[in-house]
Amino acid sequence: MRIDVFFDTTCPWCFIGKRRLEKALRTRPLVTADIHWRPFLLNPDIPIGGLPRRKYLEDKFGSTHRVERVFGAIAKAGAKDGLNFDFNALTTTPNTLHSHRMIRYAATMGLAQEAVEAIFQAYFVEFRNIGSIEELVRIGESLGLETACLQGHLNSQVDVTPVFGENATAQRIGITGVPCFVFDEQSAIAGAQDTDIFLRLIDLSLEIGSQDSLVSQSQQTALR
Numbered sequence: 642m643r644i645d646v647f648f649d650t651t652c653p654w655c656f657i658g659k660r661r662l663e664k665a666l667r668t669r670p671l672v673t674a675d676i677h678w679r680p681f682l683l684n685p686d687i688p689i690g691g692l693p694r695r696k697y698l699e700d701k702f703g704s705t706h707r708v709e710r711v712f713g714a715i716a717k718a719g720a721k722d723g724l725n726f727d728f729n730a731l732t733t734t735p736n737t738l739h740s741h742r743m744i745r746y747a748a749t750m751g752l753a754q755e756a757v758e759a760i761f762q763a764y765f766v767e768f769r770n771i772g773s774i775e776e777l778v779r780i781g782e783s784l785g786l787e788t789a790c791l792q793g794h795l796n797s798q799v800d801v802t803p804v805f806g807e808n809a810t811a812q813r814i815g816i817t818g819v820p821c822f823v824f825d826e827q828s829a830i831a832g833a834q835d836t837d838i839f840l841r842l843i844d845l846s847l848e849i850g851s852q853d854s855l856v857s858q859s860q861q862t863a864l865r
């Protein structure tokens, strides 16, 4: 089963959605999920060096009270899935372009899933600046990626255009926020849905796939 996940690496709801999808897939052990992580840049205009988080949040939400209310609700939701967010410990809101480029590079080594998890952990658990090439190289080293190759990749322009292109594609097909999950290029749902919702979509995708298989077999029989 192919699952396309449109996400951004500083989006806490994307981290929560990842956990809930993983939980759903664990309850369907016979399903082999081919997960494709697709970039969606929530804040493409942030300077490449990032912004002080407090200033970014005040500019976006207008008041400290609103910031606390919004992120308090996210922290409460995350705790139910074993994610103990401490948003006050985050000091920088990074530009996420390079983190998506690193994930694309890791995917060529078969390590996309590991890279996504490591980047989420680095940002939300270890409070590291995932907009920094130096930090991303350290994360890559922890995954076994060759340092010089990854460093050269991130210091070049490789994958810059594809990341912006995928972001544009997502918006063109109507995705306005993340996370967004697309199952077998047929069924899509936005938001960090509860696990039971993911289970319904997984089962629906399996049912559609089974019906398509039966139709194909019937057509082949008719041609004999």
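Each residue of the sequence shown is one higher than the last, beginning at 642 in our numbering.
Idealized CB from N, CA, C, for every residue including glycine.
Since the model is a prediction, treat every value here as computed from it, not as a measurement.
Mind checking residue i: buried by the 16 CB within 10 Å criterion, or exposed?
{"i": "P688", "result": "exposed"}
{"i": "V819", "result": "buried"}
{"i": "L662", "result": "buried"}
{"i": "P693", "result": "exposed"}
{"i": "Q827", "result": "exposed"}
{"i": "A756", "result": "buried"}
{"i": "R643", "result": "exposed"}
{"i": "Q798", "result": "exposed"}
{"i": "S857", "result": "Because the pLDDT at S857 is just 42, under 50, the model does not fix this residue reliably, and the point stays unresolved."}
{"i": "L666", "result": "buried"}
{"i": "A714", "result": "exposed"}
{"i": "L731", "result": "buried"}
{"i": "A789", "result": "exposed"}
{"i": "R710", "result": "exposed"}
{"i": "R707", "result": "exposed"}
{"i": "T733", "result": "buried"}
{"i": "K659", "result": "buried"}
{"i": "S704", "result": "exposed"}
If I'm right that residue i touches residue j with Cβ under 8 Å, what's the distance once you round it to whole angstroms?
{"i": "I816", "j": "T650", "result": "Actually they do not touch by this definition, with Cβ atoms about 16 Å apart."}
{"i": "K721", "j": "T836", "result": "In fact, because the Cβ distance is near 10 Å, the residues do not count as touching under 8 Å."}
{"i": "L795", "j": "V778", "result": "7 Å"}
{"i": "L784", "j": "A759", "result": "6 Å"}
{"i": "V804", "j": "R742", "result": "6 Å"}
{"i": "I676", "j": "Q754", "result": "6 Å"}
{"i": "A747", "j": "L786", "result": "6 Å"}
Consult DSSP for residue i and reduce its assignment to one of helix, strand or coil.
{"i": "I689", "result": "coil"}
{"i": "C821", "result": "strand"}
{"i": "F647", "result": "strand"}
{"i": "I849", "result": "helix"}
{"i": "T734", "result": "strand"}
{"i": "A831", "result": "strand"}
{"i": "G719", "result": "helix"}
{"i": "G751", "result": "coil"}
{"i": "N729", "result": "helix"}
{"i": "L724", "result": "coil"}
{"i": "S740", "result": "helix"}
{"i": "L864", "result": "With a pLDDT of 40 at L864, under the threshold of 50, the predicted position of this residue should be treated as unreliable, and no value is reported."}
{"i": "E826", "result": "coil"}
{"i": "D844", "result": "helix"}
Hey, residue i and residue j: beta-carbon distance below 9 Å or not?
{"i": "W678", "j": "I744", "result": "yes"}
{"i": "V801", "j": "L738", "result": "yes"}
{"i": "F726", "j": "F765", "result": "yes"}
{"i": "G691", "j": "P735", "result": "yes"}
{"i": "A718", "j": "A829", "result": "no"}
{"i": "L698", "j": "I657", "result": "no"}
{"i": "V672", "j": "I843", "result": "yes"}
{"i": "C655", "j": "F761", "result": "yes"}
Going along the chain, which unbroken runs of the beta strand (DSSP E) with 3 or more residues stay wholly within the segment 651-706?
-> Counting whole runs of 3 or more residues, the segment 651-706 contains the beta strand (DSSP E) stretches 675-680.
Any chance you could list the alpha helix (DSSP H) runs of at least 4 consecutive residues sitting entirely within the segment 758-815, in chain order?
-> Runs of alpha helix (DSSP H) with 4 or more residues, each lying fully within the segment 758-815, are found at 774-783, 788-795, 801-813, listed in chain order.
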